[in-house]
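Okay, so here's the structure we're looking at.
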Amino acid sequence: MSDIESAIGKSLPRLEAAEKAAGKAIYTGDMELPGMLHGALLTSPYPHARILSYDVSAALELPGVKAIVTAEDITGGYIGLVCKDESALARGKARYIGEPVAAVAALDEATARLAARLIEVEYEELPSATTVEQAMAEGAPVLHEDFADYVKVYQAPEHEGNLLARAEAIMGRGVDGFDEADIIVEGSYEVGAQYHAYMEPVSVLASWGSDDRVTVWSSTQSIFRTQANIYEGLGIPMGKIRCIAPRIGGGFGAKAEVSGQLITVMLARKAAAPVRLVLNRDEDMITMRARHPGTIRVRTGAKADGTLVAREMELWFDAGAYSDDSPAVMNLALFYARGSYSIPHVRALGHAVYTNKLRLGAFRGFGNPQASFASESQLDEIAEALGIDPIELRIKNAIKAGEPWLGGQKIASCALVESLEAVRDASDWKRPREALPGKKRGLGVVGLAHTSAFLSAGAIVRLQGDGTIILNVGAVDIGQGSDTVLSQMCAAALGLDIEQVSFATPDTDSAPYNYGTNASRVTYTVGQAVHRAAMQVRMQLLEHAAEMLECLPEDLELRSGGRIGVNTEPPRNAEISFADIAGRSLWAVGGPITGSGSYIPNDPPNPEHTQMTGFLGLDALSVITFGAQVVEVEVDEITGQVQVLEAWCAHDVGRAINPGMVESQIEGGFVQGLGYALCEEMLWEDGRLVNPSFMDYKFPGTMEAPDKIHTIVLEIPEPSHPFSVKGVGEPPLVGAAPAINNAISAATGIRLKQIPLTPERVLRALLAKG
Amino acid sequence: MINITLEINGEERELCVPAARTMLDALRNDLNLTGTKNACNQGVCGACTVLLDGTAVNACLVLAANIAGRKIVTIEGLGEGGRLSPMQQAFVDTGAIQCGFCMSGMIVSATAFLTENPKPSRHEIRAGLSGNLCRCSGYVRVIDAVILASERMGA
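For the record, the sequence lines run as chains A and B.
Numbers given in the numbering used here equal positions in the first sequence, counted from 1, plus 739.
Numbers given in the numbering used here equal positions in the second sequence, counted from 1, plus 107.
This is the structure in structure tokens:
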């Protein structure tokens, strides 16, 4: 098979790499249509205010202004993945500073922006709650008075306050299990809000055709979620909405749900002309999304020999003004409450709370970075208290293949121990690190796990007249390389070279449904569908070939490069090409050769194993990528500055379809996690974001990223997948913050419980320690 | 409105621009050279880096009216005869490019950097590209690409 599957296991360049290097890749903001107008937003200046009236007359009088939309132009219901509480534009109330309230379409961008400022909105300012504490306080202002009436897909709390979601999971004897512990360590950890900082700001182009259909090109992680949101939020039938994804300049979770698409569709409808909306960076930062800030209280019980026996986690996430993905993110954080260890007794309790901030939402890791920062930091505290090496402690308690995860589903493949051993050996873990005077060096470790099978995907594989293949999956490549990897899998299933497979642009008019590019799911989940579709094509090819070569299908073999030959003894020198078969199918027998595959993981939690309340479905999250990371840091004792010098990252990806891209995900994900750990934090004062620019919101550049990131790709086949793969998009980010925190502790003896680990926080701790 | 003549990617062009228009806007909207990207519009991220008389500059910080008579090279002008430049090819070959949105600026910066320092160390490359932000790569392969281009161009 290795010859046939030659497209797999190779570090092929991205299909579109040369196009991007040449500056020729077309992103949404690069597109123009004849007669196209430019959009601009008016956003709320108040964290919480009732909208009393709009006066758009002055704005409309400005020459060049073609349309203005407000909530009065909304023709649909409410949107939201798990709780429908949001509208295209603030409806009735504005709930955060930066929430879009109105929008303008004009001949040019400057006019549109000027007109937006001329719209007069009369507000009645309301008391606001901009933190979890304020929102949960007695008598707090309520953001959503109609919360009880919203459509939800989870068991929501019954109340009249701001609690959006509450979920609890109990395994084993729950907190009673602490009676088995010789030592109990407890702590409360704080995590900041991280901005996705995709390089391409929110961009949308919408154009209505004469057939009453709207085409929407946008920077999105899911053409189908974009379509569903337009359908629900504007009441336009799905068949009238065509969503297309051109090249996407990063997403990291923020573009999974709606951004500016509904507003742009409304503008284009009202102006009867194509409209393009591209946000400025500051607009993007105040209106979009960020990673949930929160507080995580963790308690862990262990026996004197280091055996972990009980874990309690209670977390509070700030959800912002709209639900978005928050209940799901909180659920997933709880899903990782136990970490990747066989702790028998667990209680995990989570809350997501509405506040007058921008919506906090999906971001690479989806709750796991927060939970893991707390639990993996605490593991080192236990190791220290018991005098056990942190890696030995993790290996001793590591979960194994076949064991149940929280929820009860059994994990099929697991190389956690191998990952820990790999980073231990590669980093020369025991060797003390020397530093110059005034500086301290140390190593920190983390063990980690992240799921990679989630929700549904489809694939259509078509044989073209020349014997090549076109693969259509509707999955959006946001830069991570899925177009290439899925093409490699498709090629391998049919014995083709990658050049013989073309990847169709994601387009809801033609693509099979795909939930989206999130949850590290595309390689695993879409890969399943690609395999099924390719197998259908393969079967048809063999049937044709058997008739053409006058032999039995079982006497045929697929040969590399798009050929089928007879595999009998004595050998027959008979062989035909896919092009021959395509010609026969198109012009003589059978008709076009097309395969389609559909897939959805379906392995629900086991209520006998884990009692769960308030959760969304957590079906088949049991395909889990494990890993371990070690980092070496240098702490400047004078400035509190922390530099990550080197990192070793081992991840068990099942099988690396494209090893270079796996390594790229690890490198890039780790550095994004490094930013989360050390410097990235959105800061609000009374609901106003005070650092809405790349000048004031710092994320790692070349000097902050370590030059040496050693990637260790462990290939232990995942038995549930035809190509043996697991996802690796998110895991590399998850470990960085606790690993760096643990390294700082090893270097200096201080133990911080709040990220980002800014120089100020590090220095204060160093001074307090003396 | 101000009339200017400039040389862009080897071609002489005339433009009529408002006084406040940035070079970035002029490139993208007046000249349809959309390879140069707008990611921060305040000179922090480097996504709009172009060569102005051979020097790497942030196009968002330069007024179009001030570039009359100057020579500008954008990402679209680096290659010759439809072929990628050695730097562009090195970015492809090392897998440095993910979403690609920062890469036009990154590649232009790296090109200017290598002209000044043809045999750089990894540390020098890190310092030289510190004005170009990338959210995908973690920079490892970006630095690999510059090393590769340096080796190929020196060979």
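The C-beta atom is built at its ideal place from N, Cα and C for all residues, glycine as well.
Query, Result
"Spatial distance of residue 1172 of chain A from residue 987 of chain A (CA atoms)", "42 angstroms"
"Member of A:1435, A:1456, A:1484 and A:1479 whose CA lies at the smallest distance from the CA of residue 748 of chain A", "A:1456"
"Contact residues within the region 111-124 of chain B, judged by C-beta distance below 8 angstroms to chain A", "none"
"Element boundaries [beta strand (DSSP E), containing residue 198 of chain B]", "Where residue 198 of chain B is concerned, there is no enclosing beta strand (DSSP E), although the alpha helix (DSSP H) it sits in stretches over 193-200."
"is_contact[residue 858 of chain A, chain B] using C-beta, thresh 8 angstroms", "no"
"Cutoff 6 angstroms; reference residue 1400 of chain A; Cβ partners in own chain excluding five residues on either side", "1220"
"Short Cβ contact (8 angstroms threshold) for residue 935 of chain A with residue 842 of chain A", "no"
"When A:1413, A:832 and A:1264 are compared against residue 884 of chain A, the one with the closest alpha-carbon", "A:832"
"Nearest neighbour of residue 1317 of chain A, chosen from A:1287, A:1275, A:1328 and A:1303 [CA to CA]", "A:1303"
"Presumed contact (8 angstroms Cβ cut-off) between residue 1208 of chain A and residue 1239 of chain A, rounded CB distance", "6 angstroms"
"Residue 780 of chain A, DSSP secondary structure in three states", "strand"
"Chain B within 8 angstroms of residue 1012 of chain A, Cβ atoms only", "no"
"Buried versus exposed call for residue 1471 of chain A [16 or more other C-beta atoms within 10 Å across all chains shown]", "buried"
"Proximal chain B residues relative to residue 763 of chain A, where beta-carbon distance stays under 8 angstroms", "142 and 183"
"Residues of the region 1367-1391 of chain A whose Cβ lies closer than 7 angstroms to any Cβ of chain B, in chain order", "none"
"Chain B contact residues for residue 937 of chain A, given Cβ-Cβ distances below 8 angstroms", "206, 208 and 242"
"Residue 898 of chain A, buried or exposed, once every other Cβ within 10 Å from all chains shown has been counted against 16", "exposed"
"Validate contact between the region 1069-1089 of chain A and the region 904-916 of chain A using beta carbons, cut 8 angstroms, 3 pairs", "yes"
"Enclosing beta strand (DSSP E) for residue 1179 of chain A [first to last residue]", "1178-1190"
"Coarse secondary structure for residue 931 of chain A, derived from DSSP in three states", "coil"
"Per DSSP, cross-strand counterpart(s) of residue 173 of chain B", "Answer is none; residue 173 of chain B lacks a bridge partner."
"Paired residues, beta bridge with residue 1270 of chain A - DSSP", "Looking at the DSSP assignment, residue 1270 of chain A forms no beta bridge with any residue, so it has no partner."
"Closest residue to residue 813 of chain A among A:896, A:752, A:915 and A:1005 (Cα-Cα distance)", "A:1005"
"Paired residues, beta bridge with residue 1390 of chain A - DSSP", "A:1366 and A:1452"
"Opening and closing residue of the beta strand (DSSP E) in which residue 1304 of chain A lies", "1302-1305"
"Contacts of residue 752 of chain A in chain B (Cβ-Cβ under 8 angstroms)", "199, 200 and 202"
"Amino acids of chain B, ordered along the chain, whose beta-carbon sits closer than 9 angstroms to that of residue 1220 of chain A", "202 and 205"
"Short CB-CB distance (under 8 angstroms) between residue 757 of chain A and chain B", "yes"
"First and last residue of the uninterrupted alpha helix (DSSP H) at residue 1415 of chain A", "1398-1417"
"Sequence-distant residues of the same chain with beta carbon closer than 8 angstroms to residue 1299 of chain A, five excluded per side", "742, 743, 745, 1234, 1235 and 1236"
"Beta carbon of residue 1045 of chain A nearer than 8 angstroms to that of residue 1132 of chain A", "yes"
"Test item: CB-CB of residue 810 of chain A and residue 830 of chain A under 8 angstroms", "yes"
"Between the CA atoms of residue 1375 of chain A and residue 1215 of chain A - distance to the nearest angstrom", "43 angstroms"
"Beta carbon of residue 118 of chain B nearer than 8 angstroms to that of residue 112 of chain B", "no"
"Host alpha helix (DSSP H) of residue 1460 of chain A (start-end)", "Premise fails: residue 1460 of chain A is in no alpha helix (DSSP H) and is neither H nor E."
"Contacts that residue 148 of chain B makes with chain A (C-beta to C-beta distance below 8 angstroms)", "1019 and 1020"
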